[in-house]
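Under our numbering, think of the first position of the sequence shown as 899, with each following residue one higher.
Backbone N, C-alpha and C define an ideal beta-carbon position, used for all residues, glycine too.
Quantities reported herein were computed from a predicted structural model and do not represent experimental measurements.
What follows is a single structure, written as structure tokens, with notes after it.
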Amino acid sequence: MTESNTDPTLPVFPGYGLPLDFDPWPRPSWRNARPDPRGEGRRLFPTALDDSISDSCGECRMPMITARETAMLAFLNQVTDKEDWVNKVTQEYITEKWREEIKQQNNDFTDKMVDYCLEELKYKAEVYKKTGVVSLFHGDVVKSDAAIPNDLQAALKAAVVPLENVPDDKKDWHPGSDDMVLDLVHPSLYPLIYGLSRIITREKLDLAAGISSSGTGDIIPVPGQGETGCNYRIDRWDRNITAAFSRRYQWLPCDVDIAEDTPNYVNNLHPRHHSALYNALERIIGKIVPLWNATLTPLREFDFNRRIQYGELDYGDLEDALEKDGPRKEGSDDEDYDDYWDQRYEWMKANRPLFLVRPEPYDFEAPASPEDPVDLKKDYGHRGLQIIIKLANIHLTPEKPEYKGGSWHVEGKMISLTNEHICASAIYYYDNENITPSYLAFRQAVHTAEAEEQRYEQGDSIWLQEIYGMKNWSAAVQNAGSIETREGRVITFPNILQHQVQPFRLADPEKAGHRKILALFLVDPNVRVISTAHVPCQQKEWWADPMLRSDGPLSRLPAELRSLVIHNSKDFPISIDEAKEFRKELMEERKKYELASNGHFEEIEISLCEH
């Protein structure tokens, strides 16, 4: 175990004083679990990087949803994107127009489904008037066009300009992006590097100390090999599933005092040079915390609103229709008998979808208020939050007119309980120019028992496609839907879902265009990881800046000697060229585990057994 910090009065973290795979609520079984006294007394929020994803009944798998409910969710999303939808939902002549439109688009969309959606929209409108947010899908995914006011959006745009207006040779195009993705602030540059990065635990570093303390502190040792595994057992097929943590890298969050929305220094964002951006970030974080509350509350008890609950498989009058309209047996020899049963099978296969009784939604009831809603300020205000910050631009040109989208993934590098312990994300799309509409898609791993325990005839899996939109022997994964990433919108979502950036291109192919985002990754507040509150800045340029000033410690040396001293400092702090090499290694490690994570996410298949 990594035990470099032995003073009980000083803070400890996973990977420094605690095992790298530390879980504040160990889980040999949920029933007998007790909190670790070194933790905060609460369980971690479930994520899709947890190795229980490889169990068909794992706690991070979600209930299956019917194809009809998926269509209802898409309709709710579509309507809540309409201008002034909050008031239009009460105007019957408009809602009846919506009814006709959706029934024309989808002939399986029934009046009862529309009725339910319209009642839910009225409820969502009341919530929106109070909070400015709309919850969608199971998760919950939350969108808001009102969370960030226009003046704060303008302040962010202006504060980012100094990061953008740098010489071309200083621009940090993301590796592998064909010079389309410009990283302004990215956590993969200058991350925590075990065996090299330094830590100060005797105090929390404020903005100034985070810079002035560069090069001081104790080296964070490389965690032991035994700390990269899983600390509880998955019993499916009586096997252990290896959970991986990086013994090399961790993204560095900043600590945020949410009572005042004040962070310590943000990794790769110099506080003295970018004070206006710090001010904007502080205000934006304060606006996003309520959205995270809405996103995380359902995960506390894993309680999701089911609009449609599928009961027993029912083909209605199929058997009667078979006797009335089905094939007739002709002849008496064996060949005729075989032909009859072949025809009967094909008739049943062709007609089952026509007679399948499809489920209808319940009558709408406003969701009950959760007994224990997440309130980040109330629950964690005494210790603050940890947030990883990223700023990035996607630039399109007539020569490179299309962004082809991303891969399915969840935030964090590793499978299982990641080094960063990211539990939720927020993406703020603060500047779009000359691009086509783009979407952020979501999918979820689901429990399979609901379908596999149905009573069905051997060889019959048609109902699975018709009811759930899934195929037999396919991955137990369902697409939840996608949300438009329009300018000014914030989208928050839990790390229990995978997400994928959808393609977009230039609206006018003759002109350049861009999309600019601010991404905030919330570290699970039930565990503290190593952050910039205890890791001084690692950038050699930041360290050198005060030393080279006229009043700095090297001020009496000639300029040539000052530069020579800085250039010849070895190992630490880290130069930009060294940092890019570390980033390359980190990305290779991440790519490896992203593939493994997707494999675990898709590992469980829905299997209708032959019987």
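Which residues share a DSSP beta bridge with residue i?
| i | result |
| --- | --- |
| residue 1403 | 1300 |
| residue 1184 | DSSP lists no partner for residue 1184. |
| residue 1390 | 1040 and 1324 |
| residue 1148 | 1090 |
| residue 1353 | Paired residues: none, contrary to the question. |
| residue 1318 | None, per the DSSP bridge assignment. |
| residue 1377 | 1341 |
| residue 914 | 911 |
| residue 1331 | 1412 |
| residue 1189 | Note: residue 1189 sits in no beta bridge, so no partner. |
| residue 1397 | 1307 and 1340 |
| residue 1167 | 1164 |
| residue 1153 | 1284 |
| residue 960 | 1344 |
| residue 1097 | 1116 |
| residue 1382 | 1337 |
| residue 1503 | 1373 |
Between the alpha carbons of residue i and residue j, how many angstroms are there, rounded?
| i | j | result |
| --- | --- | --- |
| residue 1312 | residue 1144 | In this prediction, residue 1312 has a pLDDT of 40, which is less than 50 and means its spatial position is unreliable; what the coordinates show is noted afterwards. The alpha-carbon atoms of residue 1312 and residue 1144 are separated by roughly 7 Å. |
| residue 1389 | residue 1472 | 35 Å |
| residue 941 | residue 1199 | 11 Å |
| residue 1208 | residue 1000 | 22 Å |
| residue 935 | residue 1425 | 12 Å |
| residue 1268 | residue 976 | 26 Å |
| residue 1026 | residue 987 | 12 Å |
| residue 908 | residue 1097 | 12 Å |
| residue 1085 | residue 1290 | 11 Å |
| residue 1354 | residue 1342 | 25 Å |
| residue 1420 | residue 1259 | 35 Å |
| residue 1170 | residue 1319 | 29 Å |
| residue 1370 | residue 1362 | 7 Å |
| residue 1422 | residue 1392 | 11 Å |
| residue 1092 | residue 944 | 26 Å |
| residue 1505 | residue 958 | 19 Å |
| residue 1382 | residue 1211 | 35 Å |
| residue 995 | residue 1003 | 12 Å |
| residue 939 | residue 1019 | 37 Å |
| residue 1136 | residue 1152 | Annotation note: pLDDT 37 at residue 1136 (below 50); position unreliable, no value reported. |
| residue 1302 | residue 1007 | 32 Å |
| residue 1033 | residue 1272 | 15 Å |
| residue 997 | residue 1411 | 36 Å |
| residue 1325 | residue 1415 | 7 Å |
Leaving out the 5 sequence neighbours to the left and right, which residues in its chain are closer than 8 Å to residue i when beta-carbon positions are compared?
| i | result |
| --- | --- |
| residue 1385 | 1327, 1328, 1329 and 1330 |
| residue 1487 | 1144, 1146, 1147 and 1311 |
| residue 1101 | 1107 |
| residue 984 | 1023, 1026 and 1027 |
| residue 1062 | 1080, 1082 and 1291 |
So, for residue i: in the same chain, excluding its five sequence neighbours on each side, which residues have a beta-carbon less than 7 Å away from its beta-carbon?
| i | result |
| --- | --- |
| residue 1408 | 1296 |
| residue 1274 | 1156, 1187, 1190, 1191, 1283 and 1423 |
| residue 1298 | 1076 and 1078 |
Is the Cβ of residue i closer than 9 Å to any Cβ of chain B?
| i | result |
| --- | --- |
| residue 1044 | In summary, chain B is missing from the structure at hand, where a single protein chain is found. |
In terms of residues, what are the limits of the alpha helix (DSSP H) holding residue i?
| i | result |
| --- | --- |
| residue 1414 | Not the alpha helix (DSSP H): residue 1414 falls in the beta strand (DSSP E), residues 1411-1421. |
| residue 1110 | 1105-1110 |
| residue 1009 | 1009-1029 |
| residue 968 | 965-977 |
| residue 985 | 983-986 |
| residue 1437 | Where residue 1437 is concerned, there is no enclosing alpha helix (DSSP H), given that its DSSP letter is neither H nor E. |
| residue 1366 | 1360-1366 |
| residue 998 | 990-1003 |
Tell me which residues share the same chain as residue i and place their Cβ nearer than 6 Å to its Cβ, disregarding the 5 neighbours each side in the sequence.
| i | result |
| --- | --- |
| residue 1490 | none |
| residue 1016 | 993 |
| residue 1339 | 1380, 1398 and 1400 |
| residue 1031 | 1040, 1042, 1189 and 1192 |
| residue 1196 | 1038 and 1202 |
| residue 1367 | 965 |
| residue 1087 | 1166, 1477 and 1481 |
| residue 1072 | 1079 and 1081 |
| residue 1110 | none |
| residue 1044 | 1030 |
| residue 1012 | 997 |
Taking the beta strand (DSSP E) that residue i falls in, what are its first and last residues?
| i | result |
| --- | --- |
| residue 1079 | 1079-1083 |
| residue 1032 | 1032-1034 |
Ignoring anything shorter than 4 residues or poking outside the region 1052-1076, list the alpha helix (DSSP H) runs there in chain order.
-> none
Inside the region 1245-1308 only - beta strand (DSSP E) runs reaching at least 3 residues | 1283-1294
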